[in-house]
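Undergrad: Starting off with a structure, shown below.
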Amino acid sequence: MGADHTCQEIECEVLVIGSEAAGAKASIEAAEEVVDTLVVTKGLVGKGGDTIMAGTGVQAPLGHTDPRDTPEAFFEDVVKGGAYLNNQKLVERLARLSLTEVPKMEKWGAKFVKRGEKFDQAQYPGSSYPRGLRAVGDHGGLQWRTAFSSQFKRLNNIRRMEDTFISSLLLSSDGEAVGAFGVSLRTGHCVAIRSKQTILATGGCAQIYRKTDSSVDATGDGMVMAYNAGAELMDMEFQQFFPFCCYMSPFEMSIFPTSLHYNLHGKFYNALGEAFMERYSPRKDWGLRDEVSRGIYLENKYGRGTPNGGAYLSFNHLPENLIENFFERLKPSYMAKLKQMGIDIRRQAIEVGPGAHYSMGGIRINESCETAVPHLFAVGEVASGADGAERIDGGPAMTWCFTMGYIAGKEAARRAKQLSRPKVDLSQVDAEQQRVSTLWERKEGVRGSEIKNAVKDIMWEYGALVRNIDGLKKGLELIERIKADDLPRLCVAGPSRLFNKGLTEALEAENMVKLSEMILRAASIREESRGAHYRSDYISRNDAQWIKNIVIKKRPEGITFTPVSPIMDTIKPTEGRE
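Every letter in the sequence shown is one number past the one before it in the working numbering, and letter 271, counting from 1, is 1103.
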């Protein structure tokens, strides 16, 4: 890069980009098939991404609490919750696999809440039966890390490359995925990785919003890489907002675990003391995440919000000993944390509000987790198709990570054994080196952090919980201005190339701008309200015209947005339990 064109060359059979739940599961499953597996992450394995921050829930229709539950019921709940935009073939396969892949986590060392020998399964909004397994402790992420760490230690054919920002995929002359290009933050040098099969597990893009409970890593890198390589994106207008973020101030939030609300059945109040949620959900305080988030958002728009822009969540209707028993049984450290925040939920309400949480949209995949690019898979939150227009509550995100990781890991390993050493078009490596060098060498301009902050404000104001055509047009106008005026002047601050945060922020800024445009344009095209996408100028769901996925693809003439019918082989909208 610049005067230093050092580029480390690495080879592997299966490359996994992203090291947390979906990526860890995929790499373990691939390595068990005795193939050379390389895991690359822009942070540290087990400490980055959203997995370590995850709640305690994961879903599987084991029927331990209610024997009536089945994979078919799980499938139907997911499709109904996704407003029928799910890939039903994919969901059916994931629902079946959850019966083996979720309990497997216990065999690997994760601890779950149990009653005797059976899992104590909880019921969450959107589920017909109690199917949520709950990890022991405050955060399921700690249990998932324990489980994956045990397998990484057991397998000697998983290599790790940490603190490495992968910026693009490498393609053969036939358009097949043959590796990836990135920058080692530890050395400042480029890395070119040659692989027979590549699995993207880079997570979502919630960081494009001002208020979010997601990891700083959630900048949509894998989505943009796949798009640039020729893969299709889908359902990008559907971004989920988590309504239980604890609003400490107008600008700071801390994650508020959903299990407190779900187990103790909290009640929402606005600044006037009104129980308002019945205006926004037939389930009232037990509403789905999009309903509750939108309700809190609109109460603030109507001037009935709390001081920091949220709502009050109260448990004062419960006897104090019931609350104390809950903390003692499941969450012994919650009370201490709340007291540190100056909150005693036995007597005080908590101020909560929505934050961007999860991307239903992402890379379009089939039931084998394959993308439109040969030899490229996508798993976890970076992929689309499992959730449709909205993800139901209670932990299916982790279910998808474990099941998709299994599918892609096994399939990638099987195919890698059949392929010879791939050929890489080295001109791509040269082009990427030049792109990064240009950022380093530009001494003055706009920093990535400035662009990221601007994008966050634009998307929160115009592309978040409540949308309309005027706001979407305004948001697009502002994003176009950033593309025209700021991206050409993007620069990296600081003389050192070692762990230079400015470089990662510059690369992330480019990705966030591109994804913001996609989300705003897709939201403009979808002239209805469905799932997490709400248009105040089209407040009704329009099944006659909009049981469609919006598919996004890069073409020579530019970006295209094409509505296509979802894969709907099993149930239609009129056939599900409503």
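We put the CB at the ideal spot given by N, CA and C, even for glycine.
Could you tell me the alpha carbon to alpha carbon distance between P1254 and E994, rounded to whole angstroms?
TA: Taking the straight line joining both Cα atoms gives about 24 Å.
Undergrad: Between which two residues does the beta strand (DSSP E) carrying I1384 extend?
TA: I1384 -> beta strand (DSSP E) spans 1381-1387.
Undergrad: Could you give the residue range of the beta strand (DSSP E) that holds G964?
TA: Segment 964-966, the beta strand (DSSP E) holding G964.
Undergrad: With DSSP run on the structure shown, which of helix, strand or coil describes G1007?
TA: Residue state, collapsed to three classes: coil.
Undergrad: Is T838 helix, strand or coil when you go by DSSP?
TA: In the structure shown, T838 sits in coil (DSSP, three-state: anything other than H, G, I, E or B).
Undergrad: State buried or exposed for K985, treating a residue as buried only when at least 16 other CB atoms are found within 10 Å of its CB.
TA: So K985 ends up on the exposed side.
Undergrad: For the alpha helix (DSSP H) that Q1260 lies in, which residues bound it at each end?
TA: Element bounds for Q1260: 1258-1273.
Undergrad: Tell me the DSSP secondary structure of V910 in three-state form.
TA: Note: V910 maps to helix in three-state DSSP.
Undergrad: If you follow the beta strand (DSSP E) that R992 is part of, which residue opens it and which one closes it?
TA: Note, R992: beta strand (DSSP E), 990-993.
Undergrad: For M1066, does the three-state DSSP call read helix, strand or coil?
TA: In this structure, M1066 counts as strand in the three-state DSSP scheme.
Undergrad: What is the residue span of the alpha helix (DSSP H) that A1286 lies within?
TA: Unbroken alpha helix (DSSP H) run through A1286: 1280-1294.
Undergrad: Rounded to the nearest angstrom, how far is the Cβ of A892 from that of G973, given a contact under 8 Å?
TA: Not confirmed; about 18 Å, so no contact.
Undergrad: For A1355, I'd like the list of residues in its chain whose CB is within less than 7 Å of its CB, leaving aside the five on either flank, ordered along the chain.
TA: Same-chain partners within the cutoff: E1069, G1295, R1299, L1304, H1365.
Undergrad: Quick one: residues in its chain with C-beta nearer than 6 Å to the C-beta of G1194, no 5 flanking neighbours on either side, listed in chain order?
TA: Excluding positions up to five away in sequence, the list reads M1055, V1214, A1215, S1216.
Undergrad: Looking at the structure shown, is F984 part of a helix, part of a strand, or coil, going by DSSP?
TA: Of the three classes helix, strand and coil, the one that applies to F984 here is helix, per DSSP.
Undergrad: Mapping DSSP to helix, strand and coil, what is I849?
TA: Three-state DSSP puts I849 in a strand.
Undergrad: Following the continuous alpha helix (DSSP H) through E791, name the residue where it begins and the one where it ends.
TA: Nothing can be reported for residue 791: it is not among the residues displayed for the chain, which extend from 833 to 1410.
Undergrad: By DSSP, does A1325 sit in helix, in strand, or in coil?
TA: Coil, per DSSP.
Undergrad: Between which two residues does the beta strand (DSSP E) holding L1017 run?
TA: Neither: L1017 is in no beta strand (DSSP E) and is coded neither H nor E.
Undergrad: Tell me the DSSP secondary structure of A1233 in three-state form.
TA: The sequence given here has Cys at residue 1233, not Ala. Residue state, collapsed to three classes: helix.
Undergrad: Using 8 Å as the threshold, is the C-beta distance between Y1190 and Q1039 below it?
TA: Taking 8 Å as the Cβ cut-off, Y1190 and Q1039 do not qualify as a contacting pair.
Undergrad: D1401: buried (16+ other C-beta within 10 angstroms of its C-beta) or exposed?
TA: So D1401 ends up on the exposed side.
Undergrad: Specify whether the segment 1340-1347 and the segment 1041-1052 touch according to this definition: at least 3 beta carbon pairs, one from each stretch, less than 8 Å apart.
TA: A contact exists between the segment 1340-1347 and the segment 1041-1052.
Undergrad: Looking at C-alpha atoms only, which residue of Y1112, L1335, F1074, G878 is the closest neighbour of R992?
TA: If we check each option's Cα against that of R992, G878 comes out closest.
Undergrad: Any contact of the segment 1005-1012 with the segment 857-869, i.e. 3+ C-beta pairs under 8 Å?
TA: Contact fails: fewer than three Cβ-Cβ distances are below 8 Å.
Undergrad: State buried or exposed for A1107, treating a residue as buried only when at least 16 other CB atoms are found within 10 Å of its CB.
TA: Per the 10 Å Cβ criterion, exposed.
Undergrad: Can you tell me whether Q1250 is buried or exposed, with buried defined as 16 or more other CB within 10 angstroms of its CB?
TA: Counting Cβ neighbours within 10 Å, Q1250 comes out exposed, since fewer than 16 surround it.
Undergrad: Would you mind stating whether I860 and Q983 have Cβ atoms separated by less than 8 Å?
TA: Contact: yes.
Undergrad: Measuring only between beta-carbons, confirm whether V1298 sits less than 8 Å from chain C.
TA: Reference to chain C is not applicable here, since this structure consists of a single protein chain.
Undergrad: Out of E924, F1331, A905, I1025, which one is the CA nearest neighbour of D1257?
TA: Looking at the Cα atoms, I1025 is the closest of the given residues.
Undergrad: I1371 to L1130, Cα distance in whole Å?
TA: Taking the straight line joining both Cα atoms gives about 14 Å.
Undergrad: If you count every other CB in all the chains shown that lies within 10 Å of the CB of K874, and 16 or more means buried, which is it?
TA: By the neighbour-count rule (16 or more Cβ atoms within 10 Å), K874 is buried.
Undergrad: Relative to the C-alpha of N1148, which residue among A1188, D1375, G1105 is closest?
TA: The residue with the shortest Cα to Cα distance from N1148 is G1105.
Undergrad: Tell me, please, which residues DSSP counts as bridged to C844.
TA: In the DSSP output, where bridge partners are listed per residue, C844 has S1027.
Undergrad: Considering only the beta carbon of each residue, do T996 and L1017 sit closer than 8 Å?
TA: A contact, by the Cβ cut-off of 8 Å.
Undergrad: Helix, strand or coil for H1189? Go by DSSP, reduced to three states.
TA: H1189: strand per DSSP, three-state reduction.
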